[in-house]
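Student: As they're listed, the protein sequences go chains A and B.
Residues in the first sequence are numbered from 118 upward in steps of one, following the numbering used here.
Residues in the second sequence are numbered from 118 upward in steps of one, following the numbering used here.
Yeah, the Cβ is synthetic: ideal placement off N, Cα and C, and Gly gets one too.
Please read all numbers here as calculations on a predicted model, not as lab measurements.
2 protein chains.
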Amino acid sequence: MLARPTDDSSSEIARAIPWDGGLDGILEAAGDVDVVTFDHDPADPSVPQALIDAGVVVRPGVRALELAADKLAQRRALRDAGLPVPPFAEVAAPEDVDGFAAEHGWPLVLKAASGGYDGRGVVFADGPDAAQAVLAGASGRWLAEPRLPLERELAVMVARRPSGERVTYPVVESVQRDGMCREVLVPAPVAPELAAEAAAIAGRIAELVELAGVMAVELFVVDDRIVINELACRTHNSGHHSIEMCTTSQFENHLRAVLDWPLGATDPRAPAAVMVNVVAVDDDHDPARFVDCALAVPGAHVHVYGKRPRRERKVGHVTALGPDLDDAGRRARAAAAALTGEVPG
Amino acid sequence: MLARPTDDSSSEIARAIPWDGGLDGILEAAGDVDVVTFDHDPADPSVPQALIDAGVVVRPGVRALELAADKLAQRRALRDAGLPVPPFAEVAAPEDVDGFAAEHGWPLVLKAASGGYDGRGVVFADGPDAAQAVLAGASGRWLAEPRLPLERELAVMVARRPSGERVTYPVVESVQRDGMCREVLVPAPVAPELAAEAAAIAGRIAELVELAGVMAVELFVVDDRIVINELACRTHNSGHHSIEMCTTSQFENHLRAVLDWPLGATDPRAPAAVMVNVVAVDDDHDPARFVDCALAVPGAHVHVYGKRPRRERKVGHVTALGPDLDDAGRRARAAAAALTGEVPG
Numbered sequence: 118m119l120a121r122p123t124d125d126s127s128s129e130i131a132r133a134i135p136w137d138g139g140l141d142g143i144l145e146a147a148g149d150v151d152v153v154t155f156d157h158d159p160a161d162p163s164v165p166q167a168l169i170d171a172g173v174v175v176r177p178g179v180r181a182l183e184l185a186a187d188k189l190a191q192r193r194a195l196r197d198a199g200l201p202v203p204p205f206a207e208v209a210a211p212e213d214v215d216g217f218a219a220e221h222g223w224p225l226v227l228k229a230a231s232g233g234y235d236g237r238g239v240v241f242a243d244g245p246d247a248a249q250a251v252l253a254g255a256s257g258r259w260l261a262e263p264r265l266p267l268e269r270e271l272a273v274m275v276a277r278r279p280s281g282e283r284v285t286y287p288v289v290e291s292v293q294r295d296g297m298c299r300e301v302l303v304p305a306p307v308a309p310e311l312a313a314e315a316a317a318i319a320g321r322i323a324e325l326v327e328l329a330g331v332m333a334v335e336l337f338v339v340d341d342r343i344v345i346n347e348l349a350c351r352t353h354n355s356g357h358h359s360i361e362m363c364t365t366s367q368f369e370n371h372l373r374a375v376l377d378w379p380l381g382a383t384d385p386r387a388p389a390a391v392m393v394n395v396v397a398v399d400d401d402h403d404p405a406r407f408v409d410c411a412l413a414v415p416g417a418h419v420h421v422y423g424k425r426p427r428r429e430r431k432v433g434h435v436t437a438l439g440p441d442l443d444d445a446g447r448r449a450r451a452a453a454a455a456l457t458g459e460v461p462g
Numbered sequence: 118m119l120a121r122p123t124d125d126s127s128s129e130i131a132r133a134i135p136w137d138g139g140l141d142g143i144l145e146a147a148g149d150v151d152v153v154t155f156d157h158d159p160a161d162p163s164v165p166q167a168l169i170d171a172g173v174v175v176r177p178g179v180r181a182l183e184l185a186a187d188k189l190a191q192r193r194a195l196r197d198a199g200l201p202v203p204p205f206a207e208v209a210a211p212e213d214v215d216g217f218a219a220e221h222g223w224p225l226v227l228k229a230a231s232g233g234y235d236g237r238g239v240v241f242a243d244g245p246d247a248a249q250a251v252l253a254g255a256s257g258r259w260l261a262e263p264r265l266p267l268e269r270e271l272a273v274m275v276a277r278r279p280s281g282e283r284v285t286y287p288v289v290e291s292v293q294r295d296g297m298c299r300e301v302l303v304p305a306p307v308a309p310e311l312a313a314e315a316a317a318i319a320g321r322i323a324e325l326v327e328l329a330g331v332m333a334v335e336l337f338v339v340d341d342r343i344v345i346n347e348l349a350c351r352t353h354n355s356g357h358h359s360i361e362m363c364t365t366s367q368f369e370n371h372l373r374a375v376l377d378w379p380l381g382a383t384d385p386r387a388p389a390a391v392m393v394n395v396v397a398v399d400d401d402h403d404p405a406r407f408v409d410c411a412l413a414v415p416g417a418h419v420h421v422y423g424k425r426p427r428r429e430r431k432v433g434h435v436t437a438l439g440p441d442l443d444d445a446g447r448r449a450r451a452a453a454a455a456l457t458g459e460v461p462g
């Protein structure tokens, strides 16, 4: 849908603005565009507000970005709206943690209110000493939550445009290991009622934050009930499958949404899809050198990002569609293993 | 599948080499790559051979590019291989044309052996005077063919890698007007035997030219029989539907093929697809300004190329998938009309 401008170009549709020019560079590049959006969480959280102050249209709006970036503000806003969040409390001092633990028991999860990503800024504490060590060695605001007995994690990608149209992607299961998403199963293998509840919650949050763009809502399933985990107001790892699996990808719908254009259908193109992240095993083995091996797996859609490999860094992903999760999963895992050099389990 | 290199990049997979540096610039850019290919017919036909002379691996090979660029050499090679080409003769002087017409009758088609594209270099001549005027006003080598009573035009996209693996895309109908492809119907609404014959011919040509890449074989249907029209050894307008319609697009399979990587499946994702070219009506009405209108058509996949509009210039295309050609065609035509400002017929 998008074209890079050329000398002989027509109306320009999209343009990449690099971060390395700083706020001045971004403001200059944004001077003649209709709308600015982000494909990552903003590297500098003050930039969106500075752009707005300069009269630039920023989508998703500052409220959505704020709530995605500040877990404490987010928990409060969602709780106040009657949405299912886990018990939580801001913890600034050891006695705050002790008070929360007295009510909810140990172990606890301590989360940095901002700056966390892929498990960073999330610490499990078995008792008061561990909790105190975390707070003593950290800066910023923290919140405590009980460590929930998770059955599984779900994610729902929703797209909404300013004039109100909204579409929801299939509810997926996000399979985590060591705090990082490893696989995404589409659709999530859960009861239809639970999937419908997950989709409804994502829709309510999209309205609450007046979303203009795409948003991933990450959810826990605890005792067959849904609890909200996190929001990400951008294209998200849990939606990468949509490139091949859905009529319209999360990337295209994000752009449509921020431009207030009609949103595209999110229908699945196959009964099932599995997305497997390609996580580098060390600094030497570059998955990009093994794309040919991965492509030998029938039906494997191989994406490498051109990032230098580093242990535990996501450097690509593979998606496979199939008649069921088992078939799609075997293909996607085999191709991902060919890239990383690991033997599938 | 492909990533642009960054400062923090891993093994580079693909790089665009611009033509505007001339042969020296291309040779320099090609110095450290494994293989060079083309996404257009080479702007300067001597470049591929110059690259090969400099030790660069070029795919598809020079033989395939030569036959695609020289209609006379192509006709001879295909005829000699026993493949169905129309009657033809090289015509350098009026008496050559008269001799051909004495055997095959008027009207004739005169074709420039090289340089033609989208109807340019193809002239219909009703009689000797018209033919003589064409040859008198033209340079280069020309060939004459009878004007065939076409029932329809088909196209087959085939991909082949140097080690021999080959895949064939669904046989499509190319709907032409004024010498330009306007629509592509997938699959072509023809008898299965005819489609199978078309696919078999494309496969034989791929082997004959030792194709390494993708090739579009354009075919005429005359009296329920197939006659070869043209070859294009590159991604082609008749294969644009594959972006959404097929498991692996022509663009991805071209890159896989020139890298001698495993080819991807070409299965259709829906019973039918229609691709409609977006052809500018004048210099002022820029289809890129109406993308939002086109996207309001459910299921329309809108592509605009960022080219400045000019009457009869292809500046984009729309593909729609559907349960049948009628449904897909109505959606694709409606979206294309929204872009050009025309009312669908």
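1) May I have a chain-ordered list of the alpha helix (DSSP H) segments no shorter than 4 residues that lie completely inside the segment 266-334 of chain A?
2) Hey, A:Ala374 and A:Arg278: beta-carbon distance below 7 Å or not?
3) In whole angstroms, what separates the C-alpha of A:Leu271 from that of B:Ser366?
4) Can we say the segment 415-432 of chain B touches the segment 381-397 of chain B, given the rule of at least three CB pairs closer than 8 Å?
5) Let me know if B:Gly433 comes out buried or exposed under the rule of 16 or more other beta-carbons within 10 Å of its beta-carbon.
6) Relative to the alpha-carbon of B:Val179, which residue among B:Val284, B:Leu195, B:Val326, B:Leu189 has its alpha-carbon at the smallest distance?
7) Can you give me the C-alpha to C-alpha distance between A:Leu336 and A:Thr285, rounded to a whole angstrom?
8) Starting from A:Phe368 and walking both ways along the alpha helix (DSSP H), at which residues does that stretch end?
9) Are any of the Cβ atoms in chain B nearer than 7 Å to that of A:Leu456?
10) Could you please tell me which residues of the segment 348-373 of chain B, in chain order, have their CB closer than 8 Å to any CB of chain A?
11) Between which two residues does the beta strand (DSSP E) containing B:Ile343 stretch?
12) Would you say B:Arg386 lies against chain A (beta-carbon separation less than 7 Å)?
13) Taking Cβ positions only, does B:Trp223 come closer than 7 Å to chain A?
14) Write down every uninterrupted run of the beta strand (DSSP E) in the segment 379-433 of chain A whose length is 3 residues or greater and which is fully enclosed by it, in chain order.
15) What residues in the segment 253-271 of chain A bring their beta carbon closer than 9 Å to a beta carbon of chain B?
16) What does the Cβ neighbour count give for B:Ala210, buried or exposed, with the cut at 16 atoms within 10 Å?
17) Let's see if you can read the secondary structure: which residues bound the beta strand (DSSP E) around B:Phe241?
18) Tell me the DSSP secondary structure of B:Trp136 in three-state form.
19) Would you please state the rounded distance, in angstroms, between the beta carbons of A:Val338 and A:Arg269? I believe it to be under 8 Å.
20) What residues in its chain sit with their C-beta under 8 Å from that of B:Pro388, if we drop five residues either side in the sequence?
21) Assess, as a yes-or-no matter, whether the segment 283-299 of chain A is touched by the segment 308-326 of chain A under the definition of 3 or more beta carbon pairs within less than 8 Å.
22) Going along chain B in order, which residues have a C-beta closer than 7 Å to the C-beta of A:Leu336?
23) Quick one: does A:Leu412 have its CB under 7 Å from some CB of chain B?
24) Spell out a yes or no on whether the segment 259-267 of chain B and the segment 207-226 of chain B are touching, meaning 3 or more CB-CB pairs, one atom from each, closer than 8 Å.
25) Using a 10 Å radius around the Cβ and a threshold of 16 neighbouring Cβ atoms, would you call A:Ser291 buried or exposed?
26) Given a cut-off of 7 Å on the beta-carbon distance, is the pair B:Met392 and B:His358 in contact?
27) In chain order, what residues of the same chain have a beta carbon less than 6 Å from the beta carbon of A:Leu456, not counting five sequence neighbours either side?
28) In chain order, what residues of the same chain have a beta carbon less than 7 Å from the beta carbon of B:Ala171, not counting five sequence neighbours either side?
29) Mind listing the chain A neighbours of B:Ala382? Cutoff is C-beta to C-beta under 8 Å, in chain order.
30) Considering only their Cβ atoms, is the gap separating A:Leu380 from A:Glu489 smaller than 7 Å?
31) According to DSSP, simplified to helix, strand and coil, what is B:Val202?
32) Within 10 Å of its beta-carbon, does A:Leu252 have 16 or more other beta-carbons around it, so buried, or fewer, so exposed?
33) Go ahead and label A:Arg450 buried or exposed: buried means 16 or more other beta carbons lie within 10 angstroms of its beta carbon, across all protein chains shown.
34) Which two residues bound the contiguous beta strand (DSSP E) that contains A:Ala209?
35) Please go through the segment 129-181 of chain B and give each complete alpha helix (DSSP H) segment of 4 or more residues, from N-terminal end onward.
36) Which term fits A:Arg192, buried or exposed, when burial requires 16 or more other beta carbons within 10 angstroms of its beta carbon?
Tutor: The structure says:
1) 309-325
2) Taking the first residue of the first sequence as position 1, residue 374 of chain A is located at position 257. Taking the first residue of the first sequence as position 1, residue 278 of chain A is located at position 161. Yes.
3) Start at 1 with the first residue of the first sequence, and residue 271 of chain A comes out as number 154. Start at 1 with the first residue of the second sequence, and residue 366 of chain B comes out as number 249. About 31 Å.
4) yes
5) The residue labelled residue 433 of chain B in the question sits at position 316 within the second sequence. B:Gly433 is buried by the Cβ-count criterion.
6) Taking the first residue of the second sequence as 1, we reach residue 179 of chain B at position 62. Looking at the Cα atoms, B:Val326 is the closest of the given residues.
7) As a first step, residue 336 of chain A must be located in the first sequence, where it is residue number 219. As a first step, residue 285 of chain A must be located in the first sequence, where it is residue number 168. Distance between the alpha carbons of A:Leu336 and A:Thr285: 15 Å.
8) Counting from one through the first sequence, the residue named residue 368 of chain A turns up at place 251. Unbroken alpha helix (DSSP H) run through A:Phe368: 367-375.
9) Counted from its first residue, the first sequence places residue 456 of chain A at position 339. Judged by the 7 Å Cβ criterion, A:Leu456 is not in contact with chain B.
10) Thr364, Arg373
11) Residue mapping note: residue 343 of chain B aligns to position 226 of the second sequence, counting from 1. 342-349 is the span of the beta strand (DSSP E), which, as asked, contains B:Ile343.
12) Walking along the second sequence from the start, residue 386 of chain B turns up at place 269. Yes, B:Arg386 counts as interfacial toward chain A.
13) Counted from its first residue, the second sequence places residue 223 of chain B at position 106. It does not: the Cβ of B:Trp223 has no partner Cβ on chain A nearer than 7 Å.
14) 389-396, 417-421
15) none
16) Walking along the second sequence from the start, residue 210 of chain B turns up at place 93. That one is exposed.
17) Locating residue 241 of chain B in the second sequence gives position 124, counting from the first residue. First-last of the beta strand (DSSP E) with B:Phe241: 239-242.
18) In the second sequence, the residue the question calls residue 136 of chain B occupies position 19. Residue state, collapsed to three classes: helix.
19) Translated into positions along the first sequence, residue 338 of chain A becomes position 221. Translated into positions along the first sequence, residue 269 of chain A becomes position 152. That belief holds up - the Cβ atoms of A:Val338 and A:Arg269 are roughly 5 Å apart, short of 8 Å.
20) Sequence index remark: in the second sequence, residue 388 of chain B carries index 271 (1-based). Around B:Pro388: Gly439, Pro440, Asp441.
21) yes
22) Reading the first sequence from its first residue, position 219 is the one you call residue 336 of chain A. Neighbours of A:Leu336 on chain B: none; closest Cβ ~29 Å, over 7 Å.
23) Reading the first sequence from its first residue, position 295 is the one you call residue 412 of chain A. So yes, A:Leu412 belongs to the interface.
24) yes
25) The residue given as residue 291 of chain A occupies position 174 in the first sequence. Classification of A:Ser291: buried, given that the 10 Å Cβ count is 16 or more.
26) Counting from one through the second sequence, the residue named residue 392 of chain B turns up at place 275. Counting from one through the second sequence, the residue named residue 358 of chain B turns up at place 241. The answer is yes: Cβ separation under 7 Å.
27) Indexing the first sequence from 1 puts residue 456 of chain A at position 339. The residues are Val395, Pro404, Phe407, Ala411.
28) Taking the second sequence and counting its residues from 1, one reaches residue 171 of chain B at position 54. Taken in chain order, the residues that qualify are Leu144.
29) Position 265 of the second sequence, counting from 1, holds the residue named residue 382 of chain B. The answer, in chain order, is Pro415, Gly416.
30) Since the first and last residues shown for chain A are 118 and 462, residue 489 of chain A lies out of range.
31) Translated into positions along the second sequence, residue 202 of chain B becomes position 85. Residue state, collapsed to three classes: coil.
32) Taking the first residue of the first sequence as 1, we reach residue 252 of chain A at position 135. Answer is buried; the Cβ neighbour count reaches 16.
33) The count along the first sequence starts at 1 and reaches residue 450 of chain A at position 333. Flag for A:Arg450 reads buried.
34) Numbered from 1 along the first sequence, position 92 holds the residue referred to as residue 209 of chain A. Here A:Ala209 belongs to no beta strand (DSSP E), and DSSP marks it neither H nor E.
35) 139-146, 164-170
36) If you number the first sequence from 1, residue 192 of chain A lands on position 75. The residue in question, A:Arg192, is buried, as its Cβ has 16 or more Cβ neighbours within 10 Å.
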